[in-house]
Amino acid sequence: MTWLSPERLWLLLGVVALVVAYVVAQRRRSRYAVRFTNLKLLDRVAPKRPGWRRHLPASLFLAMLGLLVVGFAQPQAEVRVPRERATVLVAVDISRSMLATDVAPNRLDAAKQAARGFVDDLPEQFNVGLVGFAGQASVFVPPGTDRAQLGTGIDRLADGAAGQAGTAIGDAISSALEQIRSVDAEAGEDVPPARVIVLSDGANTSGLDPAEAARMSNELGVPVDTISFGTAAGTIGDGQQVPVDGETLRSVAEATGGRYFEAANTEELNNAYADIGSSVGYQTEVREVSAWFIGIGLVLAVIAALASMFWFARLP
C-alpha cells in the first residue's frame, strides 16, 4: 500500500497520545475509588458494570480516529479491474478423439462442463465467443454478452459438428481472430483487449499451420492460452488408441505469449480455466482506497455512540 500524503500519518501520534491519556485516567480513577471508604454509597453512585462495557465505547472511538487519520493520508492500493471491450474466444476440439473415456464421462463432455464454469465466472460485460473445430473450424457463437446463447452453443458442441475428421488448430485460432476483429465497429482498426483459449487433445492434422496462426495472433497482440486435455491411455470405439499430444499447443502458447496447461482429469481442467480466468481481460490499476478506512471509521463511531447511550445514557 502506498500513500498520496504520507506526512499526514504523523497525526497518528495524537491518537497514541489519547490512548495513553485514557489509560492514565483509568488508573487514576481506580486509585480514587479505593480511597472512597463508604462502600455502600460507592456502590449506589458508581455501581459495578462489566469492565469491557466501560472501555468499549472509548476503544471504538479511538479506533475510529486512527482509521480517519489513515484515510486522511490518502492510501492507494493495486486493484484488478476489467478491461473495456474485453473479448474472449474459447475454441474447443470436437474431433472424434475427444470421445475417449479416459476422462469421465468422456473428454468432450468434461470439456463442455468446464467451459460452462469458465464463462460463468467471467464478468458480465465481457464479450465471449465460441469456436468448435475438428477437420475445420466453425463459429458456434460470435462474441457477445449473451450468456444464455453461449450456453446453448456449448450444448451444441458434438463430434461431427465441424465437418470432416481431423484437428485444425490453426484454423480454430484464425477463426477466433476474425471474430475478435469484428466484435464492434472499432475492432478492425483498434483491436480490443482479447485472448484466445484453445482446448484440444492432439496435434494439428489439417488446415492452416498453427505457426502461421501464431504469427497472426502476434500481429494483433492477442495471446493464445492452450490446454492439452486427456491422457496417454485414451481409447475410442473398439479400442483405438488416441493418446494426448500437446506439443503443438505448447508451441503456440509459447509463440504468442500465452500459457500452456496440461489437464489429465476434470479437476485439473477446472484449475487450468481458473488460472486463465484470473488474468484474462483484466488490468491492474492503482486506486485511492481512503473511502474504505473513512467508512469503517464512521461505522465504529456510530457503534461507540449507541453503546454509550444504551449502557451509560451519555455520549462518549
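Number 203 in full-length UniProt numbering belongs to position 203 of the sequence shown; there are no gaps in the numbering.
The beta-carbon is built from N, C-alpha and C at its ideal position, and this holds for glycine as well.
Beta-carbon proximity of residue i to residue j, cut-off 7 Å
i	j	result
L9	Q74	no
I197	D225	yes
L150	V128	yes
A134	S95	yes
F229	L269	yes
V70	R287	no
V65	V15	A small fix is needed here, since residue 65 is Leu in this sequence, not Val. The answer is yes: Cβ separation under 7 Å.
D201	S97	yes
Local conformation of residue i per DSSP, three classes
i	result
E262	strand
T152	helix
L42	With a pLDDT of 49 at L42, under the threshold of 50, the modelled position of that residue is not reliable, and the figure given next carries that caveat. Reduced to three states, the DSSP call for L42 is helix.
T235	strand
L157	coil
A134	coil
residue 319	As shown, the chain starts at 1 and ends at 316. That puts residue 319 outside it, with no answer to give.
E268	helix
F36	With a pLDDT of only 49 at F36, under 50, the local geometry of the prediction cannot be trusted, and the value read off the model is given with reservation. Looking at F36 - three-state DSSP - the assignment turns out to be coil, as it is neither helix nor strand.
E219	helix
Q26	helix
A286	For clarity, residue 286 is Val in the given sequence; the question names Ala instead. V286 falls in the strand class under three-state DSSP.
Cα-Cα separation, residue i to residue j
i	j	result
A58	L11	18 Å
residue 386	R259	Since the first residue shown for the chain is 1 and the last is 316, residue 386 is missing from the structure and cannot be characterised.
F36	E7	At F36, the pLDDT of 49 sits below 50, so the modelled position is not reliable; the number obtained from the coordinates is stated separately. Cα to Cα, F36 sits roughly 47 Å from E7.
V103	T205	23 Å
D275	I303	41 Å
L42	W292	Note on L42: pLDDT 49, under 50, position unreliable in the model; no value is reported.
P105	G239	16 Å
A255	L177	15 Å
L89	L68	45 Å
G166	G144	28 Å
A114	V289	35 Å
A91	A158	13 Å
I227	M1	35 Å
A263	D184	34 Å
A170	R195	At residue 170 the sequence reads Gly, which differs from the Ala that was named. Each residue's Cα considered, the two are about 15 Å apart.
F118	L199	13 Å
A301	R83	37 Å
A172	S217	12 Å
Q76	E212	43 Å
I294	T266	45 Å
Which residues DSSP lists as bridging residue i, in chain order
i	result
W3	P75
L199	V92, I227
G144	V128
V15	Note: V15 sits in no beta bridge, so no partner.
residue 376	The requested residue 376 is not part of the displayed model; the chain covers only 1 to 316.
Next on the checklist: Quick check on the DSSP output: what are the complete alpha helix (DSSP H) runs of length 4 or more inside the stretch 97 to 123, in order along the chain?
Outcome noted: 107 to 121
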